[in-house]
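J.: Chains as they are written, first to last, in my numbering: chain A, 1 to 247; chain B, 1001 to 1428. C-beta: ideal position from N, C-alpha, C; glycine also. Just so we're clear, the structure is a prediction, and the values are computed from it rather than from any experiment.
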């Protein structure tokens, strides 16, 4: 089995919860380890090698010093996969972009602020070419397995282009708007089986916007339910804050 | 006399990024540092201005491994700020979900991150063929913990249904009965885990220090209570800043803390040291088998204390499920009335006491927040342990010394993502 695809797992600014979903594959992880050659995974392994074909990259770029590290990963990897919301859209990390960096640093580090390197949060795609994203906060384990299977077969997996509402209807959930909550489901990419509405909560939009979302219609619906412009922006910014900052 | 340098860039098998540095000249330790270069993420800045009900969703993203703990520290802090008292059913379910996370995190740490060192392997990957039954036992326990959290919280990482005021979704009585059966069926694997850790043992090293943990009068504390110290004394939660004094060092993006001494420790070992008498019978039996008695000052025993707490979490979960089934599950909603105020929440998460403090205005907006993370409270203690450990290893090879240092760091189960969330610094 000298032809096993070589995989490496990396992390930048994030909670590492998406890597945890890999561990949470349980028995499937053993199957997976049988099919691929894991070359490095700092969180789980001390073994380390720098030749890999597929890079699974978790986290956002939040420091100048991380840019060359990500570029080096890009040069080595044939396929670079953004793993989870922080890598894919900037995730909650982009909430910090709502305030000037100097202010955030001052609030947090006081007099020692100048010692710390921080830049506005960027998704990986703002720095290098990303071949594929596994969206979500955290990623969905089933979707991850599907993506890895497709890559092992040499195929490029396709993500759903329809919104969470479709899967929510199929799950026969009560509409979140009818529960008196606001919801990002109408504009958010499906693939999570509408897990948050299925547990009685609102969609937070962690999987990013669908292509050509009907944002104006969504804003009308939100406004019909008595939400102010400020509230609506807060909903969009929870996981989509970096979109506003993109050049 | 020996001279050597230890320089480990990014310690492996820990959550987040940490570097180890030691410089020994002629047998004398000149420098020993535990550096945290992890990217700061500014959560206290992010949460400002958001609605009170977003606090658990945003702060759970501080940490993928203890997201349930952050969720409940946030919920408790907000509820204390707005003056809301949760129902008994809500509290039982919260405790049940905390036990699920404790088990998930402790199994992950003890088996996947620490066990490879104890049998001389670089990771759990080769163990999958060399020690297959051990790995399968770990997977069975880990899978149970994940199913448990999925059932109660909707998801293990970044739970969905626990919210300020209660729950958006309740498990059915049938589902709870199913969970009860699954927990009972896994008790033999817990016994096997106890036997395994008894057989492999941990390195011998002791350094007396102070241990802090939450304390409640009638149960082993996980949610709220007072802050107890092995040096004596109880501190009410709202006064936590008088006990936990934070400071920063220039070579690290993570804050540190001290209490009575120059350093202290939190986590499973601290909890067992403070609350040993309140362990369940099964957990007490595990502690006796594993030779864990208060006050234990061997930091490597933290992993053993985690195994003891897995037994505790499972046995106590059976009690909670029985109580929930006897009471019947009732829809209660999660409506709250917002009033402005300040509130502190504290939860014993897998790695130690986690504090969240919030100030909420009349509109229910968060105007100020402060988080004190377990790993930050341990950083100074880790560094002082390392400074004591290295001279005791005189005569060993650099590789052996490096491994002993890495193992010590891993024993604390540091969660570095958590520790660099970063907030207001107060210079002490």
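What runs of the beta strand (DSSP E), each 3 residues or longer, lie entirely inside the stretch 14-51 of chain A?
T.: 37-41
J.: Based on the DSSP output, what are the partners of residue 1356 of chain B in its beta bridges?
T.: As a position in the second chain, residue 1356 of chain B is number 356, starting the count at 1. For residue 1356 of chain B, DSSP records a beta bridge to B/1345, B/1371.
J.: Say whether chain B places a C-beta atom closer than 7 Å to the C-beta of residue 173 of chain A.
T.: Against the first chain, residue 173 of chain A aligns to sequence position 173. Residue 173 of chain A does not count as touching chain B.
J.: Report yes if the C-beta distance between residue 80 of chain A and residue 11 of chain A is below 7 Å; otherwise report no.
T.: Here residue 80 of chain A refers to the residue found at position 80 when the first chain is read from its first residue. Here residue 11 of chain A refers to the residue found at position 11 when the first chain is read from its first residue. Result no, Cβ atoms of residue 80 of chain A and residue 11 of chain A do not sit closer than 7 Å.
J.: For the stretch 1081-1112 of chain B, list every residue whose C-beta sits within 7 Å of some C-beta in chain A, in sequence order.
T.: 1108, 1112
J.: Hey, does residue 78 of chain A have any beta-carbon neighbour from chain B nearer than 7 Å?
T.: Locating residue 78 of chain A in the first chain gives position 78, counting from the first residue. So no, residue 78 of chain A is outside the interface.
J.: Any beta-carbon of chain A closer than 7 Å to the one on residue 1072 of chain B?
T.: Locating residue 1072 of chain B in the second chain gives position 72, where the first residue counts as 1. Not one chain A Cβ lies under 7 Å of residue 1072 of chain B.
J.: Going along the chain, which residues of its own chain have a beta-carbon closer than 6 Å to the beta-carbon of residue 140 of chain A, five neighbours each way excluded?
T.: In the first chain, the residue the question calls residue 140 of chain A occupies position 140. The residues are 192.
J.: What residues of chain B sit near residue 21 of chain A, judged by a beta carbon separation below 8 Å?
T.: The sequence position of residue 21 of chain A within the first chain is 21, counting from 1. Those within 8 Å of residue 21 of chain A in chain B are 1157.
J.: Could you tell me the boundaries of the beta strand (DSSP E) in which residue 1033 of chain B lies?
T.: As a first step, residue 1033 of chain B is located in the second chain; it is residue number 33 there, counting from the start. In the DSSP assignment, residue 1033 of chain B falls within the beta strand (DSSP E) that extends over 1028-1035.
J.: Going straight from the alpha carbon of residue 245 of chain A to that of residue 188 of chain A, what length do you get?
T.: Position 245 of the first chain, counted from the first residue, corresponds to residue 245 of chain A. Position 188 of the first chain, counted from the first residue, corresponds to residue 188 of chain A. Its pLDDT being 45, under 50, residue 245 of chain A is placed unreliably by the model, and nothing is read from it.
J.: Hey, does residue 201 of chain A have any beta-carbon neighbour from chain B nearer than 7 Å?
T.: Along the first chain, one-based indexing puts residue 201 of chain A at 201. Output row for residue 201 of chain A: interface = yes.
J.: Could you tell me the alpha carbon to alpha carbon distance between residue 161 of chain A and residue 211 of chain A, rounded to whole angstroms?
T.: Within the first chain, numbered from 1, the residue matching residue 161 of chain A stands at position 161. Within the first chain, numbered from 1, the residue matching residue 211 of chain A stands at position 211. Those two C-alpha atoms are separated by around 7 Å.
J.: Considering only residues of the same chain and omitting the five flanking positions on each side of residue 1104 of chain B, which have a CB-CB separation below 7 Å?
T.: To locate residue 1104 of chain B, count along the second chain from 1; it is residue 104. Result list for residue 1104 of chain B: 1142, 1145, 1146, 1149, 1156, in chain order.
J.: For residue 1002 of chain B, which of B/1255, B/1020, B/1415, B/1398 has the nearest alpha-carbon?
T.: Position 2 of the second chain, counted from the first residue, corresponds to residue 1002 of chain B. The candidate whose alpha carbon is nearest that of residue 1002 of chain B is B/1398.
J.: Can you list, in chain order, the residues of the stretch 83-102 of chain A whose Cβ is nearer than 8 Å to any Cβ on chain B?
T.: 91, 92, 93, 95, 96, 98, 99
J.: Taking Cβ positions, are residue 1351 of chain B and residue 1375 of chain B nearer each other than 7 Å?
T.: As a first step, residue 1351 of chain B is located in the second chain; it is residue number 351 there, counting from the start. As a first step, residue 1375 of chain B is located in the second chain; it is residue number 375 there, counting from the start. With respect to residue 1375 of chain B, residue 1351 of chain B sits close: the two C-beta atoms are nearer than 7 Å.
J.: State buried or exposed for residue 123 of chain A, treating a residue as buried only when at least 16 other CB atoms are found within 10 Å of its CB.
T.: Locating residue 123 of chain A in the first chain gives position 123, counting from the first residue. So residue 123 of chain A counts as buried.
J.: Could you compute how far the alpha carbon of residue 1160 of chain B sits from the alpha carbon of residue 173 of chain A?
T.: The residue given as residue 1160 of chain B occupies position 160 in the second chain. The residue given as residue 173 of chain A occupies position 173 in the first chain. Answer to the nearest angstrom: the Cα atoms are 15 Å apart.
J.: Check whether chain B comes within 7 Å of residue 241 of chain A, counting only Cβ atoms and requiring the distance to be less than that.
T.: Against the first chain, residue 241 of chain A aligns to sequence position 241. So no, residue 241 of chain A is outside the interface.
J.: Apart from the five residues just before and just after residue 1181 of chain B, which ones in its own chain have a Cβ nearer than 7 Å to its Cβ?
T.: Locating residue 1181 of chain B in the second chain gives position 181, where the first residue counts as 1. Contacts found: none.
J.: Compare the C-beta of residue 246 of chain A against all C-beta atoms of chain B and say whether one is closer than 7 Å.
T.: In the first chain, the residue the question calls residue 246 of chain A occupies position 246. Because residue 246 of chain A sits at a pLDDT of 40, beneath the cut-off of 50, its placement in the model cannot be relied upon, and the following sentence gives the value as read from the coordinates. No, because no Cβ of chain B sits closer than 7 Å to the Cβ of residue 246 of chain A.
J.: For residue 1162 of chain B, name the three-state secondary structure that DSSP assigns.
T.: Your numbering for residue 1162 of chain B matches position 162 in the second chain. Strand, per DSSP.
J.: How would you write the range of the beta strand (DSSP E) that residue 1021 of chain B sits in, first residue to last?
T.: Residue numbering aside, residue 1021 of chain B sits at position 21 when the second chain is read from its first letter. Segment 1019-1025, the beta strand (DSSP E) holding residue 1021 of chain B.
J.: Between residue 228 of chain A and residue 219 of chain A, what straight-line distance do the alpha-carbon atoms span, to the nearest angstrom?
T.: Here residue 228 of chain A refers to the residue found at position 228 of the first chain. Here residue 219 of chain A refers to the residue found at position 219 of the first chain. When rounded, the separation of the alpha-carbon atoms in residue 228 of chain A and residue 219 of chain A is 10 Å.
J.: Counting contacts by CB-CB distance shorter than 7 Å, is residue 1330 of chain B in contact with chain A?
T.: Along the second chain, one-based indexing puts residue 1330 of chain B at 330. By this cut-off, residue 1330 of chain B is not an interface position.
J.: How far does the beta strand (DSSP E) with residue 1215 of chain B in it reach, from first residue to last?
T.: For the purposes of this step, residue 1215 of chain B is taken as residue 215 along the second chain, with counting starting at 1. 1210-1215 is the extent of the beta strand (DSSP E) around residue 1215 of chain B.
J.: Do the CB positions of residue 56 of chain A and residue 9 of chain A come within less than 7 Å of each other?
T.: Position 56 of the first chain holds residue 56 of chain A. Position 9 of the first chain holds residue 9 of chain A. Against a cut-off of 7 Å, the Cβ pair of residue 9 of chain A and residue 56 of chain A comes out as a contact.
J.: Using three-state DSSP, classify residue 122 of chain A as helix, strand or coil.
T.: As a first step, residue 122 of chain A must be located in the first chain, where it is residue number 122. Residue state, collapsed to three classes: strand.
J.: From residue 1316 of chain B to residue 127 of chain A, what distance separates their C-alpha atoms?
T.: Counting from one through the second chain, the residue named residue 1316 of chain B turns up at place 316. Counting from one through the first chain, the residue named residue 127 of chain A turns up at place 127. Rounded to whole angstroms, residue 1316 of chain B to residue 127 of chain A spans 49 Å at the Cα level.
J.: So what does DSSP say about residue 1252 of chain B, is it helix, strand or coil?
T.: One-based indexing of the second chain puts residue 1252 of chain B at position 252. For residue 1252 of chain B, the three-state secondary structure derived from DSSP is coil.
J.: Counting only C-beta atoms, is residue 1365 of chain B closer than 7 Å to chain A at any point?
T.: Here residue 1365 of chain B corresponds to residue number 365 of the second chain, with the count starting at 1. So no, residue 1365 of chain B is outside the interface.
J.: Measure the Cβ-Cβ separation of residue 1431 of chain B and residue 1231 of chain B and say whether it is below 7 Å.
T.: Coverage of chain B is limited to positions 1001 through 1428, which leaves residue 1431 of chain B absent and any answer about it impossible.
J.: Return the first residue and the last residue of the alpha helix (DSSP H) that residue 149 of chain A is part of.
T.: On the first chain, residue 149 of chain A is found 149 positions in, with the first residue counted as 1. Run containing residue 149 of chain A: 141-152, per the alpha helix (DSSP H) assignment.
J.: Taking Cβ-Cβ distances shorter than 9 Å, what residues in chain A pair up with residue 1142 of chain B?
T.: Position 142 of the second chain, counting from 1, holds the residue named residue 1142 of chain B. Simply 23, 24, 26.
J.: Use the C-beta contact count for residue 1218 of chain B: other C-beta atoms within 10 angstroms, 16 or more gives buried, fewer gives exposed.
T.: Sequence index remark: in the second chain, residue 1218 of chain B carries index 218 (1-based). Exposed is the call here.
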